[in-house]
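S.K.:
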């Protein structure tokens, strides 16, 4: 199986859930045992942190690999550690693919012409991870520079069985500043981006009907999510904002088709650092943080199954 | 001197030119001697390419450091080589700062909340390059996610004497697809972004009057450049599109104030690979590529001085 959405959907069906685990390591929040171990293996602060990030994410991957179809490492937290962090990001993505997970690199890249092509070549590996240095199945992409700047990403994605998720509606409080600008035809900027994405999704549809071009649509704007699902019927959605950012399962329900496909829902902090917050903080000691990761992942899976069409995956 | 624009302007005055040299290494175009040397020092293809990129950019820096105030490495070409490329990017930025150049990392980052802050912490070093792992003076930033997502970049930039350049009007043919969306008030998306940037520039103004928040405005749209210069009087501009992309010195003239400050003009391919194109291809042998870099840089400096207010810097 080559096509990105076909592979993603197969993974969602196999795991019976559209839950996506974000990998967002933060140095100040790391479990004590991870930090202690990293300090025995490295000395300078950036290398200690990079070693700890790799260890932390690798152990999260071991916990969630049997439970969910995909993970989404956030490039920013790794880049924050300089080249050592980039090495850790690479190792984490390799580990996730070794464990059979679909890997969506959340790097929000975007540039023009041959520069965009360089980003696509860098990250998009698709079905065969050796096709690119970073080996991701998919990459998040920023559309501000224009629809011609999406073309190189789409081309490489199609060639390699990879995918891209274009930012359409983000989950932050100020998302509307520019995304809500309304044109003379009454359509907002994010709706115009959605229209471009819809076209690209149709042009790249796999056997599942979904395209290789997806959209990021935040869970924090549920009405818009419902409208966008209708406007982009063949577009795989990546929905951030569940959990720590305030979105609940009911808010993401409109993202799915009747089979429970068409969307994946991300939680990062709420799973990575479950041991630091209730109810898991009471249930698990800090050195039981992996059990907290598992419990939080299972709770998210159950929550989404009970309140959205994705429940159909478990029947 | 701490403030980004104050430091940049001092460098522009010292070098008597606003010419900015982009560092855009492409493997297929490298001079033969650089490639041969890299092959003696590394074996796997990505390490060979990363070694060659570092060597190539380092030697360009040695040529241009006495001539121009700043360089702009393009992150995409380095990331294309995986972690080894990131290591090379880091080395190139360090080399440029060692040679006293202002370093603008062209990575077009953008994300929400603490993720945006992670990117800011990663790249922005400002006056003291040890303040961040990558050690850049400034970073290019994508505004699509909303004005609240610029805030973390602005905060870190101000603390560290660093700068950001927000994408306002890019230089690609399809730039208008989304950037030209016109609202009910008759203002286009890029003009709204410009308004937000103008406010941030005023709030972060240094003693030169220019802010720590700049704007990327392509040379390929000269009328808009003129309008944007008026709309953002305290905003330092980064003008791509000169040279290989088709913009000439006359097209960038409107970007400057009467002293020749307020804008820097980038050329990448036209300088990096001058030895591959006329008139330099005839004048210099492939192993004289550094002389071609110098000749192309001097020609660009003279062209801008003769056709724009930046000529005032040489008097």
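Protein chains in written order, with the numbering used here: chain E, 91 to 405; chain B, 91 to 405.
A virtual CB, placed ideally from N, CA and C, is assigned to each residue, including glycine.
#1: Measuring CB atoms only, is the region 315-324 of chain B touching the region 267-287 of chain B, in the sense that at least three cross pairs come out at less than 8 Å?
#2: Output yes or no for whether 8 Å exceeds the beta carbon distance between residue 229(B) and residue 213(B).
#3: Within 8 Å of any Cβ in chain E, is that where the Cβ of residue 205(B) sits?
#4: According to DSSP, is residue 261(B) part of a helix, a strand, or is it coil?
#5: Mind listing which residues of the region 231-246 of chain E have their C-beta closer than 8 Å to chain B's C-betas, in chain order?
#6: Looking at C-beta atoms only, is the number of pairs between the region 199-214 of chain B and the region 237-252 of chain E that lie closer than 8 Å three or more?
#7: My assumption, with CB atoms under 8 Å, is that residue 182(E) sits in contact with residue 144(E). Please give the rounded CB distance.
#8: When the cut-off is 8 Å and only beta carbons count, does residue 261(E) lie next to chain B?
#9: Just to confirm my understanding: we take residue 217(E), look at its own chain, exclude 5 residues before and 5 after, and list those with CB closer than 6 Å. What are they?
#10: Below 8 Å between beta carbons: does that hold for residue 114(B) and residue 164(B)?
#11: In chain B, which residues lie with their C-beta within 8 Å of the C-beta of residue 227(E)?
#12: To which residues of the same chain is residue 261(B) closer than 8 Å at the C-beta, ignoring the five residues directly before and after it?
#13: Rounded to the nearest angstrom, what separates residue 118(E) and residue 189(E) at their Cα positions?
#14: Quick one: what does DSSP say residue 272(B) is sitting in, helix, strand or coil?
#15: Select from 130(E), 109(E), 159(E) the residue whose C-alpha is nearest the C-alpha of residue 101(E).
#16: Between residue 413(B) and residue 377(E), is the Cβ-Cβ spacing less than 8 Å?
#17: Using a beta-carbon distance below 8 Å, is residue 208(E) in contact with chain B?
#18: What distance in whole Å lies between the Cβ atoms of residue 234(E) and residue 234(B), which are believed to be in contact at a cut-off of 8 Å?
#19: Among 104(B), 157(B), 166(B), which residue has its Cα nearest to the Cα of residue 203(E)?
#20: Kindly indicate the opening and closing residues of the alpha helix (DSSP H) around residue 126(B).
#21: Identify whether residue 157(B) lies in helix, strand or coil by the three-state DSSP scheme.
#22: Would you kindly check if the distance between the Cβ of residue 301(E) and the Cβ of residue 95(E) is under 8 Å?
#23: Would you mind working out which of 304(E), 355(E), 380(E) sits nearest residue 365(E), comparing C-alpha positions?
#24: Check residue 163(B) in the structure and name its three-state DSSP category.
#25: Using only the alpha-carbon positions, how far apart do residue 116(E) and residue 356(E) sit?
#26: Do you know offhand how far residue 276(E)'s Cα is from residue 313(E)'s?
#27: Which class does residue 318(E) belong to by DSSP, given the choice of helix, strand or coil?
#28: Residues of chain E with CB closer than 9 Å to the CB of residue 219(B), please, in chain order.
#29: Give me the chain B residues within the contact set of residue 283(E), using Cβ-Cβ distance strictly less than 8 Å, ordered along the chain.
#30: Mark residue 129(B) as exposed unless 16 or more other C-beta atoms lie within 10 angstroms of its C-beta, in which case mark it buried.
#31: Could you tell me which chain E residues have their CB closer than 7 Å to the CB of residue 184(B), listed as they occur along the chain?
#32: Output the distance between the C-alpha atoms of residue 249(B) and residue 404(E), rounded to the nearest integer angstrom.
#33: What does the Cβ neighbour count give for residue 173(B), buried or exposed, with the cut at 16 atoms within 10 Å?
#34: Output the distance between the C-alpha atoms of residue 360(E) and residue 278(B), rounded to the nearest integer angstrom.
#35: Below 9 Å on C-beta distance, what does residue 288(B) contact in chain E?
#36: Looking at C-alpha atoms only, which residue of 328(B), 103(B), 123(B), 368(B) is the closest neighbour of residue 353(B)?
M.R.: To lay it out plainly:
#1: yes
#2: Contact flag set, yes.
#3: At a cut-off of 8 Å between C-beta atoms, residue 205(B) counts as an interface residue with respect to chain E.
#4: coil
#5: The residues in question are 232, 233, 234, 235, 236, 237, 238, 239.
#6: Verdict: no, contact absent.
#7: Indeed, because the Cβ distance is near 6 Å, the residues count as touching under 8 Å.
#8: yes
#9: Cβ neighbours of residue 217(E) beyond the five flanking positions: 92, 251.
#10: yes
#11: Per Cβ cutoff of 8 Å: no residues; residue 227(E) is ~16 Å from chain B at best.
#12: 308, 309, 310, 311, 330, 331, 335, 337
#13: If you take the alpha carbons of residue 118(E) and residue 189(E), they lie about 27 Å apart.
#14: DSSP places residue 272(B) in strand when its eight states are reduced to three.
#15: 159(E)
#16: Chain B is shown from 91 up to 405; residue 413(B) falls before or after that span and cannot be answered.
#17: yes
#18: 4 Å
#19: 166(B)
#20: 122-131
#21: coil
#22: yes
#23: 380(E)
#24: DSSP places residue 163(B) in strand when its eight states are reduced to three.
#25: Approximately 17 Å between the Cα atoms of the pair.
#26: 17 Å
#27: Helix, per DSSP.
#28: Correct list: empty, because the minimum Cβ distance to chain E is about 12 Å.
#29: 268
#30: Burial call: exposed.
#31: Chain E residues near residue 184(B): none, gap ~11 Å exceeds 7 Å.
#32: 51 Å
#33: buried
#34: 38 Å
#35: Chain E residues near residue 288(B): none, gap ~14 Å exceeds 9 Å.
#36: Residue 328(B) is the option with its Cα nearest to residue 353(B).
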